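> Structure in structure tokens, see below.
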Amino acid sequence: MGVEAVLADGTILDCLSTLKKDNTGYDLKQLFIGSEGTLGVVTAVSLACPPVPKSVNLTFLGVDSYEKIQEAYKMAKGKLGEILSAFEFLDNSCRESVTENLKLKYPIDEHPFYILIETSGSCAAHDTEKLDEFLEEVMAEGIVLDGTVASEPSKMNEIWKIRESVAEALLHDGPGCYKYDISLPVPHMYNIVNIMREKFGNEATRIVGYGHFGDGNLHLNVVMPTYDQEFLKILEPIIFEYTKKYKGSISAEHGVGFKKAKHIHYSRTPEAIQVMKMIKQTFDPKGILNPYKMLPS
0 MGVEAVLADG TILDCLSTLK KDNTGYDLKQ LFIGSEGTLG VVTAVSLACP PVPKSVNLTF
60 LGVDSYEKIQ EAYKMAKGKL GEILSAFEFL DNSCRESVTE NLKLKYPIDE HPFYILIETS
120 GSCAAHDTEK LDEFLEEVMA EGIVLDGTVA SEPSKMNEIW KIRESVAEAL LHDGPGCYKY
180 DISLPVPHMY NIVNIMREKF GNEATRIVGY GHFGDGNLHL NVVMPTYDQE FLKILEPIIF
240 EYTKKYKGSI SAEHGVGFKK AKHIHYSRTP EAIQVMKMIK QTFDPKGILN PYKMLPS
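Numbers 0 to 296, taken from numbering that gives the first Met the number 0, label the letters of the sequence shown in order.
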């Protein structure tokens, strides 16, 4: 809700307000959120901490197409409403990597895609009823083919571990693991995975797509037998051009850093980049805070 930051000249900027509504002038804290230390050193934050939900349910579902995931998500938004707290998806290549490399077992049979849905609320009976109604409908309409529900912490942890272990599992597939964190409009999000498979499927060890479906955030991983800078020069323009075509982001949640600074133009207009440079120049005229990070030189 707020930050305290030390600027390049030593000024301590106190924006630690805990007010939910405050439209007094510029919202300065937002400049520091995601700025990766290029505008100031964040020394304190104020956080809103919601209470731990009293009722949590988790369901792991199998579907036969990416289109079915979209249908399930639309229905989940309508049927589960305020208790829907997570909607994740994985493709079957993720399953193969996790089961082969980490020996984790999937709780349902093999399918082209999987959905992980979490609900969080304050009334177990109410939440369970809503989830049951949702599951009955998606199964009856043939959107979901298979599934399991967990409410016990141990079983929920086992299911979440499947989703959270994908990145680790892929590292066992080979040293050439090219990872991309992009966001796209949901209808276009997964097709970049298909494009990668068409272009590099014969060379790659594995190509997978998974992520935070509700946020339109795709984790795209291309695993090659070796890591090669020349291959990187071929790979990245395809991914970033596709992302730009659909007005997506080349950096959904992990920041720009050093590696993506020269590619920021795929997601930001020249005018926006120029304004960012002006802000950087104002806050840090000598360029001493994280130079070369985020903005192209």
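All C-beta atoms, glycine included, are put in the ideal place defined by N, C-alpha and C. Since this is a predicted model, take the numbers as computed values, not measurements.
Assuming ILE298 and THR242 are in contact, meaning their beta carbons sit under 8 Å apart, how far apart are those beta carbons, in whole angstroms?
Nothing can be reported for residue 298, as the shown portion of the chain is limited to 0 through 296.
> Could you name each continuous alpha helix (DSSP H) segment of 4 residues or more that falls completely within the region 218 to 256, going from the start of the chain to the end?
Those alpha helix (DSSP H) runs which fall completely within the region 218 to 256 and span 4+ residues are 228 to 244.
> Please classify VAL40 as buried or exposed, where buried requires at least 16 neighbouring CB atoms within 10 angstroms.
That one is exposed.
> Report the residue from PHE212, GLU3 and PRO236 whose alpha carbon sits nearest the alpha carbon of PHE112.
Measuring from the Cα of PHE112, the nearest candidate turns out to be PHE212.
> How many angstroms separate the CA atom of LYS78 from the CA atom of THR10?
Distance between the alpha carbons of LYS78 and THR10 is about 50 Å.
> Please report the Cβ distance between ASN216 and THR37, rounded to the nearest whole angstrom; I am assuming they are in contact, meaning their Cβ atoms lie under 8 Å.
Going by Cβ atoms, the distance from ASN216 to THR37 rounds to 23 Å, so no, they are not a contact pair.
> Within its chain, find whatever has a CB closer than 6 Å to the CB of ASN100; leave out the 5 residues flanking it on each side and keep chain order.
ALA168 and HIS171.
> Do you know whose CA, among HIS253, ALA166 and SER119, lies nearest PRO50's CA?
Comparing Cα-Cα distances from PRO50 to each of HIS253, ALA166 and SER119, the minimum goes to SER119.
> Excluding the 5 residues flanking GLU252 on each side, which residues of the same chain have their C-beta closer than 7 Å to its C-beta?
The answer, listed in chain order, is ASP180 and ASN216.
> As a quick exercise: from LYS178, ILE237, ASN190 and HIS125, pick the residue whose alpha carbon is nearest that of VAL221.
When only C-alpha atoms are compared, the closest one is LYS178.
> Could you tell me the distance, in whole angstroms, from the CA atom of ALA4 to the CA atom of LYS258?
Looking at the two C-alpha atoms, the distance is approximately 25 Å.
> Please confirm whether TYR344 and PHE88 have their CB atoms less than 8 Å apart.
Because the chain is modelled from 0 through 296, residue 344 falls outside the range shown and cannot be assessed.
> Can you tell which of ILE238, LEU219 and ARG205 has the C-alpha that lies nearest to the C-alpha of THR225?
It is ARG205.
> Please name the residue or residues paired with VAL62 in a DSSP beta bridge.
Paired residue(s): PHE112.
> Name the DSSP bridge partner or partners of ASP145?
Paired residues: GLY61.
> Is THR225 close to the ligand SAH? I mean its beta-carbon at under 7 Å from any heavy atom of the ligand.
The ligand SAH is absent from the structure shown, which contains no ligands of any kind.
> With a cut-off of 8 Å, do at least 3 Cβ pairs link the region 262 to 281 to the region 49 to 66?
Contact between the region 262 to 281 and the region 49 to 66 is absent, because fewer than three Cβ pairs lie under 8 Å.
> The alpha helix (DSSP H) that contains THR281, what's its start and end?
Segment 269 to 282, the alpha helix (DSSP H) holding THR281.
> If contacts are defined as beta-carbon pairs under 8 Å, then ALA71 and ILE114 qualify, I think. What distance do you get, rounded to the angstrom?
Contact flag correct, Cβ pair sits at about 6 Å.
> Would THR58 be called buried (16 or more neighbouring beta carbons within 10 Å of its own) or exposed?
Buried, because 16 or more other Cβ atoms sit within 10 Å of the Cβ of THR58.
> Between MET223, GLU197 and ASP145, which lies nearest to ILE68 when the distance is taken from Cα to Cα?
Ranking the options by Cα distance to ILE68, first place goes to ASP145.
> Going by the CB atoms, is the gap between ILE194 and LEU219 shorter than 8 Å?
Taking 8 Å as the Cβ cut-off, LEU219 and ILE194 do not qualify as a contacting pair.
> Give the single residue among ILE238, PRO186, GLU95 and ALA47 whose Cα lies nearest to the Cα of SER164.
Residue GLU95 is the option with its Cα nearest to SER164.
> For the beta strand (DSSP E) containing CYS14, list its first residue and its last residue.
Segment 11 to 14, the beta strand (DSSP E) holding CYS14.
> Classify CYS93: buried if its beta carbon has 16 or more other beta carbons within 10 angstroms, exposed otherwise.
Looking at its Cβ environment, which holds 16 or more other Cβ atoms inside 10 Å, CYS93 is buried.
> Output yes or no for whether 8 Å exceeds the beta carbon distance between PRO295 and LYS261.
Contact flag set, yes.
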